[in-house]
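Under my numbering, the sequence shown has 1560 at position 175, and the numbering climbs by one with no breaks. All residues carry an ideal CB built from backbone N, CA and C; glycine is no exception.
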Amino acid sequence: MIGIIDYGMGNLRSVEKAFQYLGCEAKIIDDLKMIRDADALVLPGVGAFPDAMELLNKKGFSNAIKEEVKKGKLILGICLGMQLLFDKSYEVKEVDGLHLLKGEIKEIKTNLKVPHIGWNSLIIRKNVPLLKEIKNGDNVYFVHSYYLTNGDEEDICAITEYGIEIPAVICKDNIFSCQFHPEKSGDVGLQILKNFAELI
């Protein structure tokens, strides 16, 4: 079972429906036992990084997620959920993340309109199982004002361009993440979710 973590912020139903459309067993989970029992985890999220970390810490989810991922359980971070996997963010104030991946989340500084909202194309840097059947130039749907900086270059599997280069897909070992919303990205997004489910 794919456990979609409900910590009070996120587009949970649309992620759940996308997995169910693909025929995957996926369930919204909101307690520590379910986090431990799930075969794989999805960490979605919409909103501000400090609020999200406060909720994860308050519910005891931060430690549970870190423990499960360190044991080898697969996790997929989506949008804000992706950003939470990294060391820290400077959104509103400096706040520690989950420290599962190296990098810092900073505000997008560009001449283009921020937030970065809408369809943008992927530039694939590394062929990985999460991107199976995804082609260079495929479009996915973004909604964000902050992005990953100072990450490990070898973990960045795809980027997008929005005045600056924005890491769009980051994978390391059993940790997978997308800055965009695969559940809102049509057939391309569904393929990415299918690829994740097939890794379990």
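Problem set entry | Distance between GLU1583 and ALA1423 (C-alpha atoms, nearest Å) | 15 Å
Problem set entry | Terminal residues of the alpha helix (DSSP H) in which GLU1583 lies | 1571-1583
For this session: Measure the C-alpha to C-alpha separation of PRO1567 and VAL1554 and round it to an integer number of angstroms.
Result: Going from the Cα of PRO1567 to the Cα of VAL1554 covers about 11 Å.
Exercise. Out of LYS1569, SER1447, PHE1527 and VAL1573, which has the shortest C-alpha to C-alpha gap to ILE1551?
Worked result: PHE1527
For this session: Could you pull out every residue in the same chain whose Cβ sits closer than 6 Å to the Cβ of ASP1391, ignoring the five residues on either side in sequence?
Result: LEU1397, ILE1413 and ASP1415
Problem set entry | DSSP state of LEU1428 mapped onto helix, strand, coil | DSSP, read as helix, strand or coil, puts LEU1428 in strand.
Exercise. Short check: CB of GLU1476 to CB of ILE1490, under 8 Å?
Worked result: yes
Exercise. Three-state secondary structure (DSSP) at VAL1454?
Worked result: helix
Problem set entry | CA-to-CA distance, ALA1403 to LEU1516, given in whole angstroms | 17 Å
Exercise. Nearest to SER1530 by alpha carbon, out of LEU1407, GLY1432, ARG1421 and GLY1388?
Worked result: GLY1432
For this session: Taking only runs that begin and end inside the region 1514-1545, name each unbroken beta strand (DSSP E) of 3 or more residues, in chain order.
Result: Runs of the beta strand (DSSP E) inside the region 1514-1545: 1524-1529 and 1531-1534.
Exercise. Do three or more CB pairs link the region 1498-1517 to the region 1565-1581 at distances below 8 Å?
Worked result: With a cut-off of 8 Å, the region 1565-1581 and the region 1498-1517 count as touching, because enough Cβ pairs lie within range.
Problem set entry | Straight-line gap, VAL1408 to ASN1496 (C-alpha atoms, nearest Å) | Per the sequence shown, residue 1408 should be read as Gly rather than Val. Going from the Cα of GLY1408 to the Cα of ASN1496 covers about 42 Å.
Exercise. Should SER1399 go down as buried or exposed, given a rule of 16 or more other Cβ atoms within 10 Å for buried?
Worked result: exposed
For this session: Grab me the residues of ASP1393's own chain with a C-beta within less than 7 Å of its C-beta, minus the 5 sequence neighbours each way, in chain order.
Result: Checking the sequence shown, residue 1393 turns out to be Gly, not Asp. Here the set comprises LEU1440.
Exercise. With burial defined as no fewer than 16 other Cβ atoms inside 10 Å of the residue's Cβ, what is the status of ILE1420: buried or exposed?
Worked result: buried
For this session: Measuring alpha carbon to alpha carbon, tell me which of ILE1544, SER1474, LEU1575 and ILE1387 ends up nearest ALA1437.
Result: SER1474
For this session: Would you mind stating whether PHE1471 and LEU1533 have Cβ atoms separated by less than 8 Å?
Result: In this structure, the beta-carbon distance from PHE1471 to LEU1533 falls below 8 Å.
For this session: Take LEU1461 and list the residues in its own chain whose beta-carbon comes closer than 6 Å to its own, dropping the five residues that flank it on each side.
Result: Cβ within range, chain order: VAL1427, PHE1561 and PHE1581.
Exercise. So who's on the other strand from ASP1558, going by DSSP bridges?
Worked result: ASP1558 is not bridged to any residue.
For this session: Pull up the CB-CB distance for GLN1468 and PHE1434, whole angstroms please, since I reckon it's below 8 Å.
Result: For GLN1468 against PHE1434, the beta-carbon gap comes to about 6 Å, under 8 Å, which counts as contact.
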